[in-house]
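>
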Amino acid sequence: MDAESAGSVKDSIAPLIEITGITKRFPGVLANDDISLSIEKGEVHCLLGENGAGKSTLISILSGMTRPDAGTILIEGTETEINSPRQALDLGIGTVYQHATLVPTLTVLENLILGNTKGATLDESEGRRRLDELASILGTDVDPNAVAGDLALDEQQVIEIIKALWKGKTALILDEPTAMLAPAGVAELGKMFQRLKAGGLAIVFITHMLHEAIEMGDRVTVLRQGRVAGSIGPDELRSEQSERLRDRIVEIMFGSEATELGDVAELHVDVLEDHPDQGSLEKATSDAGGRSIGAPILKLDNVSLEASPASHGLHNINLTIAEGEILGIAGVGGNGQAELAEVLAGQRRVDSGQIHLLHDGNLQRIDRLGVHARGQMGLRYVSDDRRGEATVGSMSVSINLVLKKIGDAPFWRWHIMQAGEIQRNAESAIENFDIRTPSADTNISKLSGGNIQKVILARETMSNPRIVIHNKPTHGLDVRTMLMVRERIRQMAAEGVSAVVISNHLEELLDLCDRFAVLSKGRVIGIVENGPDAERHIGDLMVGGTVS
Amino acid sequence: MFDETLITAVLVGAIAASVPLMLAGIGELISERAGVLNIGLEGMMLMGAYGGFWVAIETESIWLGFIGGAAAGALASLVMVFLCVRWGLDQIVVGIGVLLGAEGLTSLLDAATFADTRPRIGITARLDIPGLSDIPVAGRVVFGEPYMVYVTLLAVAVAGWVLWKTPWGLAIRATGERPEAVDAAGVNVVVVRSLAVLSAGVFGGLGGAYLSLVSAGNFIPMMTGGRGFMAIVLAMLARGRPLLLAAGALLFGFATAGTTALQLVGVEVRPEIVNSLPFAVVLAALVLLGRNEFLPSALALPYVRGER
Amino acid sequence: MDKTTGIRKRAWLLMFVVVALVTATCGNGADDTTTTAAAAATTTTAAAAATTTTAAAAATTAAESMTVAKVAVLVPEEPTDFGWNQQGVEGAVAAADAAGIESEVAGGLGYDAPTATLRQLAETSDLMFAHASGFATAAKEVAVETGVPVVVWGSPDDREPGLAAFVSTSAQEGGYLAGILAARTTQTGQLGIVISADDFNWTRHSGGFIEGACSIDPTIDIELVQIGEGGYADVEGGARVTAILIAGGADVILGNGDGSSFGMIRAVETEDPPAGADKVWFIDVIGDKTSIDTENILLSSILWDFQPTYLQAIRDVEAGTFGDVNYDLNLATNGIALLRTENISDELWAEIQTARDGIVDGSISVPAADTRAAAEQLLGCGA
Amino acid sequence: MKASDRVRTELTDENADGRASASDRRNGKTSGPSESSRTEKIRRAMLLTILPLLAAILTGGLLILALGENPIAFYGTIIDRGIVSPSGLQETLIRMAPLLLIAAGLIVAFSAGIWNLGGDGQFLLGASLVGGLAATVSDAMPRGLMLIFMLGMSAAVGGAWTIVPALMKARYGINEIITTLMMSAIGVNLASLIVKVWFLTPERGLQIPRTRILDVSDRLPTLFGTRVHSGLVIGLVAVIAVHLMMRHTTLGLRLNVLGANVKAAHHSGLKVSKLIVVTFLLSGMFMGLAGGVEVLGVQGLVRAGFNPALTLVVVPLVFLARMNGWVTIAFVFLLSVLTIGGELATRQAGLPNDFGLLIVALVLIFMTVAEYFEARRIRGERTVWQTMSDRLLARGGAGV
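Chains as they are written, first to last, in the working numbering: chain X, 1 to 548; chain D, 1 to 308; chain B, 1 to 383; chain W, 1 to 400.
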């Protein structure tokens, strides 16, 4: 609504791209819920929102990768269907996807002219000409004959942008292009945007960095849970102080606690009626930090993991977690969170450094132990990749509940599965964790994300956990499950079970944790105690990327 | 015994043995480059051998026969196109189905048409440039082969050119590595793969037709004798480069023809060892390189947009 | 758990079905009047101590009273190859026709699993021709098991009174005549022999061929090459090997193969004649390919005719003397003959006939080369 | 940890919510509708097995009709010879023995998501060593001991021949489809060499090179006075044991997890590399055992060039049976009936023996297609016809 009115204020002619009522549903997820917004010529339009807010789905609809269930797209006032990436490109919409779309075995030039040459032969000279042209617009220097897979990540990013611009003469869409870029690279990108805007191009730009949106954007639209939560027009962006803008955007993104609760109440009345006692987020928040904290239970000494083309790695991580403590890992996604979680869980060996876990009364070295051994010592891991990693979709709920205990008594005796025990275990988990499933034998892929999360949580927290690593524990969940998960983490902490919570949602971390470690490019760049100023401190570290 | 004529003979034999492998190999190479493992190649060759011979007998033209062979091979590959490329069904299961089906069908058709009379097609014309084809040792090989040999070499060159110098080739190479990137670049993955599999059928058919039209002059059930599988291996060895494929096929042909020649001087090389060599080489290369880069990374994986 | 019980139930069910089927099979077998002999033999086998002698004795009595109403012939490939498979089938069918009895043909069986077909045919036939050396072991075992006599291409020791007789060819006799023909025809003084596999029939042809050629010209140059291990149907291999021989100077080729013969013919048709020769000739084996000789390169063929031998086998079974002797195809019985084409002059043919008579009356003896090595020793005419 | 990293990167693509993972689809493990419903089960069996079978029979029948033969008589003969006639049924059961063992080996491999396509080489190496040694060994020890020794050896040889592909897969993640095919080709040639070089018997007379004959009385004992040898029992036990193992034991579950989702296997702390090697070994052992059983039960010897090439057809059968042992047994039975009955039926119809292959191919292809429709139905997608018409309508100018 805001977006539409903002659009109509500017001029009376039709916007370059106008989308109305876009809805897209995936099995179990409403990714886009009646989204409407418009994109203007010569503007950088920033899309903000948490992970799972529906930004990537919206982008893949615009780029022809996904077709919406409902809604229309108007290009310069004409209703247009985008059924394939080809059509999007023909309309002049170029996209830089979140995942790499370069073919690693081809050269830069080959990647660029793929799908972009007419005629019988590869017109390399024309390709080079266009590459030089675009490179000079972007102000970079590119070796056309380098093999794409050999390039560094930020170099690849530039190629991706050039690739999108090749045909993207109308609009350029970038899905989190800065996630892998160094600060200098981000600045460089800003300059590129200026040049491209001057050429009349519309740019849609997804980022997590508020300052980037404020500095580079002409218009900001915030998505939340598949809907447009609000937007800020160019006039406001230009006139307001950046501090004020930031507060405003944060408010739209996360909502003030009061408005958040209001929204929840409005959207999920039935939920709150079902569980009135769990409804109060305010009450829950006030619990945080009020516990007694015990002796160190988990200790990381100089834990390092070598960087690779796909990851920043980890560099000299030193952390200590106390019994009953909840440590939050904050930071923009892709800065080493997944690596840290896997190193802690035992899924990945450290390249150097040591990890110690409190066991039998003293700290024992565990970095050479596997998942199963660590699990038996009480260290558990709730993965964020619920369907891809944490569960086996083609297997039943009851089996998924014992997936990490294969071979252990009482579920297996002499290597033979004890179906009765497994069934009993499943029934108790289903009851205790309120897992909504037709039966314990149902394939877990049939369950909703929230119920799958409950299964995982049940598996990891039953039978004497000591410390649990939660990777994005509430990502993509409905509010009721989200509250239940948080409550469970809090409740276990009260019982002395520590937790490491990795999350992209600052609000969630602030709600749950006693202390925060901020990760950036595989390093801990700051440790912040929870308190009134914590949000500002973490925000500074996160969005600034520099230690304050 | 190793005089000029014998060396010539070994070269001629090497060419004769390698041409069907080259033809079928080119097709498989293109298909693999696009990410489709075509296990049914042997079946496509058989279809080409029969179809080519049938057309040649009906039209009394060897060239139309080759076109018929290509068409018959393409017909067999359509099964792969629809089931594997369009519907994303398993390439191995369907490939085995195509192989068995083609074996059964060609034997059946042969029984119904040629089995009683075993008609033969006249000899294929050879290039004969007076003077040049009489040059000692290499003259016969370079200037005096059946025309189809030159067509095959031309096809190798053209395939190389298409793969490395045209937008089509670029799309094919990219599709075998990262189909989602190709899709994002606005190239229709299904169309690219369909055409790649079709060319596997066309070239496989031509390879089979060479056996029936040039090597034998008639069709015999199961006459391909495992050459389709050998072509698959050679295509892998070539790592997507048609010239390497041609070299590999020639080397294999040379090894088999050389073995025959060695018999004449009383040296026995066991055919089992010669036949194992290409496979052992591919394995050794894989072990030494110790990685999958040897093969297109999306090989044998179906592509459906949005499902990766 | 329900699931487990279900699986157990199914396991028992399956076991039950298997046992039931098997028992039913035994019961029915006994009821079936036509297979009484088979059932009896089965019992012998089941007794596990089925020594060859007892089984043979049992079967011999069966054979003595037998009238042959139907014969069966089994060949590994389709009998449309103008060679081994086709001649075998035609010979068997012709023998049956001559005896006024039925015949059944099982073609395209492959080399690896003839047992099922042998047993099936044993139920309906009174004599089987297992027309491939790969079938010999299985055929004899089925004969012992069922009492139905078989003619096998195996070893002379396979002979078992009433049950099995071995058939071989004195192929070298035909080879000898072909050798004379080739030595008289060649212009270059070089002959070539192609064998598709190390098969004793092929090496016997070859040995006789060498002897025959040497008898005309002791200085003659002969080369022998083999296509591969199982190169019977390897068309391209036949073409390749033959081309190499021609390039080496041979202008008369003796080609021993089944399907691969077509490749050899193609090479003879296509390749340039070696220096000093106007034309390359081909001498075929077993069948008569005159009807498909489009380029007129067929000089002759060592013809095999199984009809007389197979007819004799039928008669022997009826007489109860089957298995007392082995069989042999040779010039004397007309089982082996040289094909006369238009390309052989009267004068030359007369010379060949003289040699034939000499072999038949024993004045010329042609030793059989049973392996490739034995044939190769003859190369060079004993020099 | 290099190995696991590689396996990871192979499959790191995120799965969008609610969609089957790539490995799920490769293994045909599209989750079925609720397992409890009996009518649903019957409907699925109809759709996935009976219907395609009927379609194949119909298509084949039309072909036979076009060739001027009587399709009813043709299929009648197949059923009569393959199932009804006592001796034919025995042959069908005999033919099943090696096929069942091969199927057992494939069930293990496919369940673990590993494409062991090298069965022919593993089979033949097991067969040739047994063929080469059995007669000699039986001179030295009693029959029972000899049989056990020989069966064990064939299994060991088959397993050993998978080590190279296993290590290459476990270590570098190299596609086992290619490596097993290569090793198979080498194995086929090696098996022939074994017979000709090491175990060639001088007693062969004029036959092609072969090993010594194992006396009929020294072969696998027959069942209940029939000709059916006990290899059938070994095969049935193997398939059922594998079926039960995959469902009720720790190893089975581990392999299933590995096959369904490699990332989950890592996540659950399974030793993926070790499991891959174990899978290969188990699979190869069954293949080798199949070779041993075929020689000890039926052939009694091995000739140079012996290669019945049995695995190629069993591969799609096991895949289509979704690695279910009971369904596999049924499919193997069907295949054996088609082979045994088909040989007589083609002979009587005057068709070439290879015509049977065409029928098998039709069955395979129709079953695959049915599988596809079923998978789409489960995913709740629209029918292919709707999609096609959509595409046709949307095509307008959108070429490549």
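Ideal Cβ placement from N, Cα and C applies to all residues, glycine included.
None of the values given here were measured: they were computed from a predicted structure.
1) Whose C-beta lies closer than 6 Å to the C-beta of residue 283(W) among residues of the same chain, with five residues either side of it excluded?
2) Within a Cβ cutoff of 8 Å, which residues of the same chain sit near residue 203(B), ignoring the five residues on either side of it in sequence?
3) Under the three-state reduction of DSSP, which class applies to residue 516(X): helix, strand or coil?
4) Report the neighbours of residue 134(B) on chain E: residues whose CB is nearer than 8 Å to its CB, in chain order.
5) Let me check one thing: in DSSP terms, what residues is residue 226(B) bridge-paired to?
6) For the candidate residues 495(X), 151(X), 76(X), 82(X), whose alpha-carbon lies nearest to that of residue 66(X)?
7) What alpha helix (DSSP H) runs, 4 residues minimum, are completely inside the stretch 41-88 of chain X?
8) What's the C-alpha gap between residue 17(D) and residue 178(D)?
9) Quick one: which unbroken alpha helix (DSSP H) runs of 4-plus residues sit fully inside the stretch 61-141 of chain D? Chain order, please.
10) Distance check for residue 152(X) and residue 272(X), CA to CA, integer angstroms please.
11) Enumerate, from N- to C-terminal direction, the unbroken beta strand (DSSP E) stretches of 3 or more residues contained entirely within the stretch 209-280 of chain W.
12) Skipping 5 residues on each side, what residues in its chain have a beta carbon closer than 7 Å to that of residue 307(W)?
13) Which residues in the same chain as residue 85(X) place their Cβ atom closer than 7 Å to its Cβ, once the five residues preceding and following it in sequence are excluded?
14) Thinking residue 85(D) and residue 173(D) are a contact (beta carbons under 8 Å), I'd like their distance in whole angstroms, please.
15) In chain order, what residues of the stretch 335-347 of chain W put their CB closer than 9 Å to some CB of chain B?
16) To the nearest angstrom, report how far apart residue 54(W) and residue 21(D) are at their CA atoms.
17) Starting from the beta carbon of residue 161(W), find every residue of chain D whose beta carbon is closer than 7 Å, and list them in chain order.
18) Consult DSSP for residue 460(X) and reduce its assignment to one of helix, strand or coil.
19) Quick one: is residue 384(B) buried, meaning 16 or more other Cβ sit within 10 Å of its Cβ, or exposed?
20) In the stretch 436-506 of chain X, which residue ranges form an unbroken beta strand (DSSP E) of at least 3 residues, counting only runs that do not cross its ends?
21) Give me, in chain order, the residues of the same chain whose beta-carbon lies closer than 6 Å to that of residue 207(B); leave out the 5 immediate sequence neighbours on both sides.
22) What residues match up with residue 188(W) in a beta bridge as DSSP calls it?
23) What distance in whole Å lies between the Cβ atoms of residue 68(D) and residue 54(D), which are believed to be in contact at a cut-off of 8 Å?
24) Can you give me the C-alpha to C-alpha distance between residue 155(D) and residue 23(D), rounded to a whole angstrom?
25) Can you find the residues in the same chain that come closer than 6 Å, C-beta to C-beta, to residue 296(X), ignoring five residues on each side of it along the sequence?
26) Would you call the stretch 73-88 of chain B and the stretch 264-282 of chain W touching, i.e. three or more CB-CB distances under 8 Å?
27) Go ahead and pull the three-state DSSP assignment for residue 400(X).
28) Considering residue 228(X), what are the terminal residues of the beta strand (DSSP E) in which it resides?
29) If the cut is a Cβ gap below 9 Å, which residues of chain D does residue 319(W) touch?
30) Report the three-state DSSP secondary structure of residue 282(B) (helix, strand or coil).
31) What residues from the stretch 88-120 of chain W come within 9 Å of chain B, judged by C-beta to C-beta, listed N to C?
32) Checking contacts by CB at 8 Å: is residue 377(B) closer than that to chain W?
33) I need the straight-line Cα distance from residue 159(D) to residue 26(D), nearest angstrom please.
34) Could you name the residues of the same chain whose beta carbon sits closer than 8 Å to that of residue 562(X), not counting the 5 residues immediately before and after it, in chain order?
35) Below 7 Å between beta carbons is the criterion; list the residues of the stretch 333-356 of chain X that meet it against any residue of chain W, in chain order.
36) Whole angstroms are fine: how far does the CA of residue 349(W) sit from the CA of residue 67(W)?
In short, the structure shows the following:
1) 105, 108, 109, 116
2) 195, 369, 370, 371, 372, 374, 375
3) strand
4) As a matter of chain content, chain E is missing from the structure shown, whose protein chains are X, D, B and W.
5) 195(B)
6) 82(X)
7) 55-62
8) 35 Å
9) 62-80, 91-113
10) With a pLDDT of only 32 at residue 272(X), under 50, the local geometry of the prediction cannot be trusted, and no value is derived from it.
11) none
12) 120, 124, 188
13) 63, 64, 65
14) 17 Å between Cβ atoms; not a contact.
15) 339, 340, 343, 344, 346, 347
16) 38 Å
17) Correct list: empty, because the minimum Cβ distance to chain D is about 12 Å.
18) helix
19) Here chain B has residues from 1 to 383 only, and residue 384(B) is not among them.
20) 467-471, 498-502
21) 172, 369, 375, 378
22) For residue 188(W), which the question treats as bridged, DSSP gives no partner whatsoever.
23) 7 Å
24) 8 Å
25) 320, 322
26) no
27) helix
28) 227-232
29) 90, 92, 93
30) strand
31) 88, 89, 90, 91, 92, 93, 94, 95
32) no
33) 7 Å
34) With chain X covering only 1 through 548, there is no way to say anything about residue 562(X).
35) 346, 347, 348, 349
36) 10 Å
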